[in-house]
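Shown next, in structure tokens, is the structure this report addresses.
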Amino acid sequence: MSQSAIVENPSHANKSTGVGLLVAAVGVVYGDIGTSPLYTLKEVFSGHFGVQANLEGVLGILSLVFWSLIWVVSVKYVLFILRASNQGEGGIMALTALARRAARPYPRLSKVLVLLGLFGAALFYGDSMITPAISVLSAVEGLQLGIDGIEHWVVPLAVVVLVGLFIIQKHGTARIGILFGPVMVLWFVVLGALGIHGIVQRPEVLQALNPSWAAHFFVAHPGIGVAILGAVVLALTGAEALYADMGHFGRKPISRAWFILVLPGLVLNYFGQGALILDNPAAVRNPFYLLAPEWALLPMVALATLATIIASQAVISGAFSLTRQAIQLGYVPRMFIQHTSSEEQGQIYIGMVNWALMVGVVLLVVGFESSSALAAAYGVAVTGTMLITTLLASAVVLLLWKAPRWLAIPLLLGFLLVDGLYFAANAPKILQGGAFPVIAGLALFVLMTTWKRGRSIIVERLDETALPLPLFIASVQAQPPHRVQGTAVFLTARSDAVPHALLHNLLHNQVLHEQVVLLTVVSEDSPRVTQDKRFEVEAFGQGFFRVNLHFGFMEEPDVPLALSHSSTAELDFSPMRTTYFLSRETVVPTKRIGMAKWREHLFAFLLKNANSNLRYFKLPLNRVIELGTQVEM
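Residue numbers (the numbering used here): 741 to 1373.
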């Protein structure tokens, strides 16, 4: 594939080899997949799938787990998907932006890819609910092995831990985040040590490194061969985080952490659990905790709980970052974004997302009551996102990178085949409780597409009555109104037409400012925009100017700051001479062709509750005039 298409974030260039960055990556990136040993083999041998705890069954499952980690995580994500860098940023929205750019010559394909990306993002939110629920529940359930009669307290304790986690989000994780890396490094070291202890007892489990055991399992169990992938996929949950967090750490630290520490720790622990099950088939009730010595049970519960909290924290933070990207790309209503760290730009808090996730997580814990019940519902959202990631990456590889087809197509087909098998194995879970993340994803998909379509219709309706800018300037020249000192900035989506706020101001106040700026904020497909490409200006005469401000989808648009950095002598954007005029649209649902009636009402609700342009663009409160406009949908 073309290396010229792979652009790393320059900020990582001099840090990618640092041990500190590698440790930090372990703490943030690998929390989810790192806590999978808590429940994966427990679910596989739970009895739901009919897998026997004998040599054939154990080695077959271990081989499936091992080679799934190698193919899906190591080859697909670490060696391949991490190279799909959008100026150093990763994640489903960054990949969607790349795919949209790749398919620009094919409008229909571009639209399909965008819809796929939106649905993948929506499924990520469903995963963001179920991951904290199953992780914390499985950790707390370890108490049942050491304390009699605590079964009834597992769910309340898990709820208390999770609610506490969501409550502290608004305070940020800068202070405790420094502990994430060392704790997770300790976690993986302990996983490996426990695994080695188990393997020494039954070293024959190492035979599972031979892929023939996985193939033999499918042949010997034709009825459950594919279905068992619905449980094996639990070992892969969190793989998407490798790509989503690339913007924070860069490709090299994430890759090195995986091969040096995470993969060995996971494989050793799974094989150790398999050895324990061979030695004592009754251990299938909780092979992770029973692998530890009896004296270490309670310390392991404490460490596991801390690890699952870190894993949940990473997923929640990922949901915040994804929401910010979606807002910038215009797929989600604007929300108030709070920075929780003065040093790290990526540490943000979005209250609406936080509390919605908390409600969903608590409902899952209370409704399913055990990690086993949740495991039966887990995997639909994960495998759906994995499949969509492969489809989007295929468009990038073939259309943007223009990689050799003889190399790219077989590799992509291999990814699609495995992802398709995993998704097919998890599809029946929709009827077994897995509908929750799917329904949540569908609801969010409807919200995002409704918002995007609604905004497009508003622009279309306003264009119908818009006055062409040249005609307006000619009328001003023919019949000059009274001009007052200062600069008036009118925010508008269409810079070639007169904003309604400008017409209303002239109609009611009978004046125009000396300098009139029609300002359009443009959201780019790239994560960041350099200063030399931020500002564009065009003069029309009679004191009228058109200005475009460009921002990336990882940036927060600070309009006054961007204007103050402009190097245009003709325009004066000094704070006390600049007034910002905003137009607030009020939607009136009608029978006109646009959207379904219920979607029009939904869009009107979203528009009413969206964060105002005043706060979103960081405009000064005492320099803003807002004028209302009614728009018929």
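By construction, the Cβ of each residue, glycine as well, lies at the ideal position given by its N, Cα and C atoms.
Fair warning: this is a prediction, and the values are worked out from it, not measured in the lab.
When the options are compared against residue i, the one with the closest alpha-carbon
{"i": "T1326", "options": "G787, V1024, L1016 and L1202", "result": "L1202"}
{"i": "A1121", "options": "A1042, I1179 and A873", "result": "I1179"}
{"i": "A975", "options": "S803, V1261 and L1153", "result": "S803"}
{"i": "A1237", "options": "L1211, P1220 and A1148", "result": "L1211"}
{"i": "V805", "options": "V900, N1009 and A1336", "result": "N1009"}
{"i": "I908", "options": "D772, H1240, A1066 and I1050", "result": "I1050"}
{"i": "I1213", "options": "K1192, P1239 and Y1162", "result": "P1239"}
{"i": "G1154", "options": "K816, M833, A765 and V791", "result": "K816"}
{"i": "D772", "options": "L982, P896 and V852", "result": "L982"}
{"i": "G990", "options": "A764, L1038 and V903", "result": "A764"}
{"i": "G1174", "options": "M833, I874, K1142 and Q827", "result": "I874"}
{"i": "S1352", "options": "Y1089, N1362 and E1366", "result": "E1366"}
{"i": "L1242", "options": "A1206, V1261 and F1011", "result": "A1206"}
{"i": "T1318", "options": "R1339, L1359, H1341 and V759", "result": "L1359"}
{"i": "M1335", "options": "V1262, G1194 and S1304", "result": "G1194"}
{"i": "V880", "options": "A862, N1026, Q1053 and V854", "result": "N1026"}
DSSP three-state assignment for residue i, whether helix, strand or coil
{"i": "H1305", "result": "coil"}
{"i": "E1276", "result": "strand"}
{"i": "S742", "result": "Because the pLDDT of S742 is 31, which lies under 50, any placement of that residue in the model is unreliable, and the number read from its coordinates should be weighed accordingly. S742: coil per DSSP, three-state reduction."}
{"i": "A1237", "result": "strand"}
{"i": "A793", "result": "coil"}
{"i": "L1367", "result": "strand"}
{"i": "V1186", "result": "helix"}
{"i": "L761", "result": "helix"}
{"i": "L1359", "result": "coil"}
{"i": "Y1118", "result": "coil"}
{"i": "Q738", "result": "Here the chain comprises residues numbered 741 to 1373, so residue 738 is not present and cannot be evaluated."}
{"i": "E1340", "result": "helix"}
{"i": "E1254", "result": "strand"}
{"i": "L1322", "result": "strand"}
{"i": "Q1065", "result": "helix"}
{"i": "F1108", "result": "helix"}
{"i": "R1268", "result": "coil"}
{"i": "P1021", "result": "helix"}
{"i": "I1088", "result": "strand"}
{"i": "L1311", "result": "coil"}
Rounded distance between the beta-carbons of residue j and residue i, thought under 8 Å
{"i": "G1281", "j": "Q1255", "result": "Contact flag wrong, Cβ pair sits at about 12 Å."}
{"i": "L931", "j": "L1006", "result": "7 Å"}
{"i": "L1289", "j": "R1274", "result": "6 Å"}
{"i": "R1064", "j": "A1350", "result": "About 14 Å separates the two Cβ atoms, so there is no contact after all."}
{"i": "A1228", "j": "H1253", "result": "4 Å"}
{"i": "V768", "j": "H911", "result": "At roughly 18 Å, the Cβ-Cβ gap does not stay under 8 Å, so V768 and H911 are not in contact."}
{"i": "L883", "j": "V894", "result": "7 Å"}
{"i": "G1091", "j": "F928", "result": "So it is not a contact: roughly 33 Å between Cβ atoms."}
CB contact flag (residue i, residue j, <8 Å)
{"i": "E829", "j": "M1294", "result": "yes"}
{"i": "G938", "j": "L809", "result": "no"}
{"i": "G860", "j": "V973", "result": "no"}
{"i": "I968", "j": "V784", "result": "yes"}
{"i": "L1104", "j": "L1097", "result": "no"}
{"i": "F1176", "j": "A1135", "result": "no"}
{"i": "W998", "j": "Y1071", "result": "no"}
{"i": "E1310", "j": "G1292", "result": "no"}
{"i": "V966", "j": "L1171", "result": "no"}
{"i": "L1375", "j": "F1185", "result": "Because the chain spans 741 through 1373 in this model, residue 1375 falls outside it and cannot be assessed."}
{"i": "L799", "j": "Q1013", "result": "no"}
{"i": "L946", "j": "F906", "result": "no"}
{"i": "E980", "j": "T1189", "result": "no"}
{"i": "G1226", "j": "A862", "result": "no"}
{"i": "L1246", "j": "P1220", "result": "no"}
Cα-Cα separation, residue i to residue j
{"i": "L1231", "j": "L1209", "result": "14 Å"}
{"i": "V1216", "j": "L1354", "result": "28 Å"}
{"i": "Q1271", "j": "K1169", "result": "49 Å"}
{"i": "A984", "j": "A960", "result": "38 Å"}
{"i": "L835", "j": "L1132", "result": "7 Å"}
{"i": "T1330", "j": "S1266", "result": "37 Å"}
{"i": "T871", "j": "M1040", "result": "20 Å"}
{"i": "L819", "j": "M833", "result": "20 Å"}
{"i": "Y865", "j": "V1055", "result": "9 Å"}
{"i": "N1376", "j": "L1018", "result": "This structure cannot settle anything about residue 1376, because the visible part of the chain is limited to 741 through 1373."}
{"i": "V899", "j": "V1106", "result": "8 Å"}
{"i": "M924", "j": "G1058", "result": "18 Å"}
{"i": "N1249", "j": "F1343", "result": "32 Å"}
{"i": "G790", "j": "F1357", "result": "57 Å"}
{"i": "P750", "j": "H1341", "result": "Unreliable positioning characterises P750 in this predicted model, as indicated by a pLDDT of 36, which lies under 50. The coordinate reading is nonetheless provided below. Whole-angstrom Cα-Cα distance: 45 Å."}
{"i": "V1002", "j": "R1363", "result": "53 Å"}
Closer than 7 Å: residue i CB and nearest the ligand ADP heavy atom
{"i": "F999", "result": "With respect to small molecules bound, the structure shown includes none, and the ligand ADP cannot be examined in it."}
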